[in-house]
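Residue numbers (our numbering): 243 to 608.
A short worksheet on the structure shown next.
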């Protein structure tokens, strides 16, 4: 995962923050303005605009910092035996009623009643990927009324959210949503949004254009949807990262999409009760009309050894279907990568009868 930007924190107990300096300052100034009932509409609009600079992957850190900066939980002593809120709930609710845009900030409020109220107030689509992720996280809120309100809100606003906004959030959410344990039927609302055809079109565009970043896991998660299949032949040639081109080639050659599905126990020695924890994968079939020989030719010509290894594995696994591909075989035999040459050495030994000509075991999914 790419390292998140770090900024000096206004919170004395934290060394750094995932929020830009000016955004921290604006949030920290809100409590006093709310208590004094000063106009905050302009400040809130500015604040919401600045959240566009925060990556969706920073949502967990932001969820810890925003309530502290905004003092959404602070208590001031009334006497030794009682306490009262510094900003009473009715004052905070009044601010929400008079400044509806505050709802986006109140998604991070420590009071579940205010999170729920904020979700009822939201009527328009999230303006950026960070706030889309903030709303998505409420689908897994620890309070059931908030989860219900979040699902209703998502049904209202997710369909109208710009596909580029959803796609940017999806790069994070597609890999994280499988770890969420509290939600149930709410998951379908998010999955419908993340796997919209127009969103997948934007995700494919990101795969073509971004040469850095941990995108291979995102691509495998996106392949849960058959709507991703038509993009694979093009991504084999145009994806910016070798890992993405390798996934595209492997999926097309094997005619199946695979993705991580947690872990499973694999027995090492049943008599001694010894086992080990290994990754588990799920799969679905892929239908396409690209000739296997054309896929092999593209893979063998790729500039990355990771992709050329997939091409060599295909030669070993499907020798009859790829008979006559002498140009490709010759290219791979003289490949600069030792790993590719070793595969081709095995291929040639089998062709000469030095090794039994049986289908090799399927390679483990990376």
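Note that beta-carbon positions come from the ideal geometry of N, C-alpha and C, so glycine has one too.
Between the alpha carbons of residue 259 and residue 523, how many angstroms are there, rounded?
36 Å
Beta-bridge pairing of residue 507 - partner residues as DSSP gives them:
519
Would residue 391 pass as a contact of residue 350 if the rule is Cβ separation under 7 Å?
no
Bounding residues of the alpha helix (DSSP H) (the contiguous stretch that carries residue 414):
405-418
Quick check: is the beta carbon of residue 313 nearer than 7 Å to any beta carbon in chain C?
In the structure shown, chain C cannot be found, because there is only a single protein chain.
Determine contact between the segment 543-561 and the segment 577-586, defined as no fewer than three beta-carbon pairs at a distance below 8 Å.
yes
CB-CB length for residue 462 against residue 489, believed under 8 Å:
7 Å
Report the option in 511, 470, 308 and 541 whose CA atom is closest to the CA atom of residue 570.
541
Where does residue 554 fall in DSSP's three states?
helix
Which term fits residue 288, buried or exposed, when burial requires 16 or more other beta carbons within 10 angstroms of its beta carbon?
exposed
Roughly how many angstroms separate the alpha carbons of residue 418 and residue 266, rounded to a whole number?
25 Å
Exposed or buried, residue 373, counting other C-beta atoms within 10 Å across all chains shown (16 or more means buried)?
buried
Spatial neighbours of residue 532 within its chain, please: CB distance less than 8 Å, with the 5 preceding and 5 following residues excluded, ordered by chain position.
475 and 494
In the DSSP assignment, the alpha helix (DSSP H) including residue 362 goes from what residue to what residue?
354-363
Any idea if residue 510 is buried or exposed, counting beta-carbon neighbours within 10 angstroms, 16 or more meaning buried?
exposed
Using CA atoms only, rank isn't needed, just tell me which of 458, 528, 414 and 508 is closest to residue 472.
528
Going by DSSP, what residues sit across from residue 249 in a beta bridge?
259
Can you tell me the Cα-Cα spacing of residue 538 and residue 404, whole angstroms?
37 Å
Exposed or buried, which one is residue 423 when buried takes at least 16 other CB atoms within 10 Å?
exposed
Looking only at its own chain, which residues have a Cβ that is under 8 Å from the Cβ of residue 271, when we skip the five neighbours before and after it?
285
Can you tell me whether residue 602 is helix, strand or coil according to DSSP?
Because the pLDDT of residue 602 is 46, which lies under 50, any placement of that residue in the model is unreliable, and the question is left without a value.
Same chain, Cβ closer than 6 Å to residue 249, five either side skipped, listed in chain order:
259, 262 and 263
Pull up the DSSP beta-bridge partners for residue 658, would you.
This structure leaves residue 658 out entirely; the chain is present only between 243 and 608.
Assuming contact is defined by CB atoms lying nearer than 7 Å, are residue 412 and residue 432 in contact in what I supplied?
no
Residue 577 burial status per 10 Å Cβ neighbour count (16 or more: buried)
buried
Please confirm whether residue 377 and residue 425 have their CB atoms less than 7 Å apart.
no
Hey, quick one: how far does the alpha helix (DSSP H) through residue 341 stretch, first residue to last?
That residue, residue 341, is in no alpha helix (DSSP H); it is neither H nor E in DSSP.
Quick check: the Cα distance between residue 245 and residue 591, rounded to an integer number of angstroms?
45 Å
Return the chain-ordered list of same chain residues with a C-beta closer than 8 Å to the C-beta of residue 497, the five sequence neighbours on each side being excluded.
527, 528, 529 and 530
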